Amino acid sequence: MLKLLVILGSTSTGKTDLALSLAKKFNGELTSCDSRQLYKRLDIGTGKMPDQFKILNSKFKIEKSDGWWEVNGIRIWMYDVCDAAKQYTVYDFVKDADSVIGDIRERGKLPIVVGGTGLYLKALLEGLPNLACPVDEKLRKELEGLPVEALQERLQKSSFKRWEEMNSSDRQNPRRLIRAIEILLSSLPASPKLQRGERRPACQRLALSGRQGSKKQTSVRNWIPAYAGMTGFNFLKIGLTAPREILYQRIDKRVVDRIDQGMIDEAKRLNDSGLSIKRMRQLGLEYGVLADYLEGKITSQEELMKIMQGKIHGFARRQITWFKKEKDVFWFDITDNMFISKVEDLIVKWYDKGVNYAS
RNA sequence: CCGGAGGUGGCAGAGCGGCCAAUCGCAGUUGACUGUAAAUCAACCGGGUUUUCCCUACGGAGGUUCGAAUCCUCCCCUCCGGA
753 MLKLLVILGS TSTGKTDLAL SLAKKFNGEL TSCDSRQLYK RLDIGTGKMP
803 DQFKILNSKF KIEKSDGWWE VNGIRIWMYD VCDAAKQYTV YDFVKDADSV
853 IGDIRERGKL PIVVGGTGLY LKALLEGLPN LACPVDEKLR KELEGLPVEA
903 LQERLQKSSF KRWEEMNSSD RQNPRRLIRA IEILLSSLPA SPKLQRGERR
953 PACQRLALSG RQGSKKQTSV RNWIPAYAGM TGFNFLKIGL TAPREILYQR
1003 IDKRVVDRID QGMIDEAKRL NDSGLSIKRM RQLGLEYGVL ADYLEGKITS
1053 QEELMKIMQG KIHGFARRQI TWFKKEKDVF WFDITDNMFI SKVEDLIVKW
1103 YDKGVNYAS
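Numbering of the first sequence is given in the working numbering, commencing with residue 753 and proceeding in unit increments.
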């Protein structure tokens, strides 16, 4: 029986803390599904350290290595897998996380995916069409400077059908327009090329073996779900929520704590060691605001804090919007002080008999 | 007490007689998102159930005007400089 536990929810709901305690109880290992925690040296700002750490400071033992951290003997994978200056994408994530999860399973442990990045989670669990279509750096450079209108025109010329498929918001989104053009222009290889020594992710192996028989080779474009199609596979998705005001309070407090923990110095160190301000801005949220601070656009810590809190509120809202559409999630309100035991009960049921989503 | 600058929607900050319920930004709300996703993009954002409709609004009270957030008078308050 193949089982995969997923903990999802917006930032500051305590996903990691919960996942750690569940891992201990159910003999699991975590896989972080977070688009920023996977960067090396972005530690405080991305909250790699579990919140409990501050309280139980002395009891915690943390070990770090490329690709994972270990907190009190529990492995957290997909931390520190990429240099912060480089760009890591969903494609990389699916590939890496997939093999990590496979390894956890081979060791007979329960894989627990801790997800804050909706797109990554979706790609990992369900696959993403066009994931095999690579980035075309030259094209992107060429298109990036253009005004939206030009991009719109260009896409319409390439494929009016594609243009019509897009919604009104995406039609004004340069990033989406560029990717759409990129996909149209790319001539996909029959099967994605692997670099030397690279192992094809399970999802892709499946995709290839499953469809290769049919004449229509274009199917490589349609990434087959990594796990959803596997018989006997069993997900359990646990979602964490909190009333809006409480969530904002938690976020605000966290920002204060992180400043206390040295988040500003972390940013300075990153910058001193060559991480550009521009790149920091791309990384968003705390690092984006911190970039402004280092540049002197923001002068006081008070201001830094306020701006950061506001940005993160917005981020949490976007996550909530995304996760609303996520299917088959068992949602728990973290302000219910029985929620942990409720979660544990659910997992026990799931482990033993398998939970019927319909129930 | 004198001189100077101001008081505008949650914040910040434009507007300086009609096109102003009031630019822009932030915050807030909702949403989009098929390789940058902590990114990127969209809509809404005084109240009234939608409205080319009504109401309450630009410190307060009066006034001038067909018409004022915008002009005048007085009052209250804030900030800077001088006593």
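Each residue gets a CB set at the ideal place from its N, CA and C atoms; glycine is no exception.
These figures come from a predicted structure and were not determined experimentally.
Whether residue i touches residue j by CB criterion (8 Å)
i: Trp1102; j: Gly870; result: no
i: Val833; j: Ala875; result: no
i: Asp888; j: Ser938; result: yes
i: Asp835; j: Lys792; result: yes
i: Thr763; j: Ala1068; result: yes
Same chain, Cβ closer than 7 Å to residue i, five either side skipped, listed in chain order
i: Glu894; result: none
i: Glu1047; result: Ile1029
i: Arg1033; result: Gly1040 and Ala1043
i: Asp922; result: Arg928
i: Val1008; result: Met1057
i: Ala771; result: Ile759, Leu782, Ile864 and Val866
i: Asp803; result: Gly766 and Asp769
For residue j and residue i, the rounded distance between their alpha carbons
i: Asp1004; j: Gln1061; result: 6 Å
i: Glu917; j: Ile935; result: 14 Å
i: Trp915; j: Lys909; result: 9 Å
i: Glu858; j: Trp829; result: 15 Å
i: Gly879; j: Leu1037; result: 27 Å
i: Asp818; j: Tyr831; result: 7 Å
i: Leu929; j: Arg1006; result: 36 Å
i: Gly825; j: Lys813; result: 8 Å
i: Lys800; j: Asp769; result: 11 Å
i: Lys1094; j: Pro995; result: 18 Å
i: Val758; j: Arg1010; result: 26 Å
i: Trp821; j: Glu815; result: 6 Å
i: Ser1025; j: Ile853; result: 33 Å
i: Leu907; j: Asp848; result: 32 Å
i: Gly761; j: Leu877; result: 16 Å
i: Glu1096; j: Lys1076; result: 23 Å
i: Val900; j: Leu891; result: 15 Å
Nearest residue (CA-CA) to residue i, options the options
i: Gln1071; options: Val823, Leu756, Thr765 and Leu754; result: Thr765
i: Leu794; options: Lys1063, Tyr1039 and Lys1049; result: Tyr1039
i: Lys838; options: Glu815, Ser787 and Ile856; result: Ser787
i: Glu1078; options: Asp1085, Ala849 and Leu988; result: Leu988
i: Val1081; options: Leu873, Arg1010 and Leu891; result: Leu873
i: Cys885; options: Ala932, Ile856 and Glu997; result: Ala932
i: Phe845; options: Trp821, Lys861, Lys890 and Gln789; result: Gln789
i: Asp855; options: Tyr840, Leu1035, Leu898 and Arg827; result: Arg827
i: Leu1022; options: Leu772, Ala771, Gly1066 and Ile796; result: Ile796
i: His1065; options: Leu891, Tyr840 and Glu997; result: Glu997
i: Val1100; options: Asn882, Leu862, Glu901 and Phe912; result: Leu862
Contacts around residue i, its chain only, beta-carbon distance under 8 Å, and the 5 residues preceding and following it disregarded
i: Val1041; result: Ile1050, Leu1056, Ile1059, Met1060 and Lys1063
i: Leu903; result: Leu895, Pro926, Leu929, Ile930 and Ile933
Neighbourhood of residue i by C-beta distance below 6 Å, restricted to the same chain and skipping five residues each side
i: Trp1083; result: Gly991 and Thr993
Indicate whether the contact test is met: 3 or more Cβ pairs, each with one atom in the stretch 768-776 and one in the stretch 994-1002, closer than 8 Å.
no
How do the stretch 783-796 and the stretch 849-868 stand: do at least 3 beta-carbon pairs fall below 8 Å, yes or no?
yes
Would you call the stretch 1075-1090 and the stretch 1028-1042 touching, i.e. three or more CB-CB distances under 8 Å?
no
Take every Cβ of the stretch 1050-1060, pair it with every Cβ of the stretch 1007-1020, and state whether three or more of those distances are shorter than 8 Å.
yes
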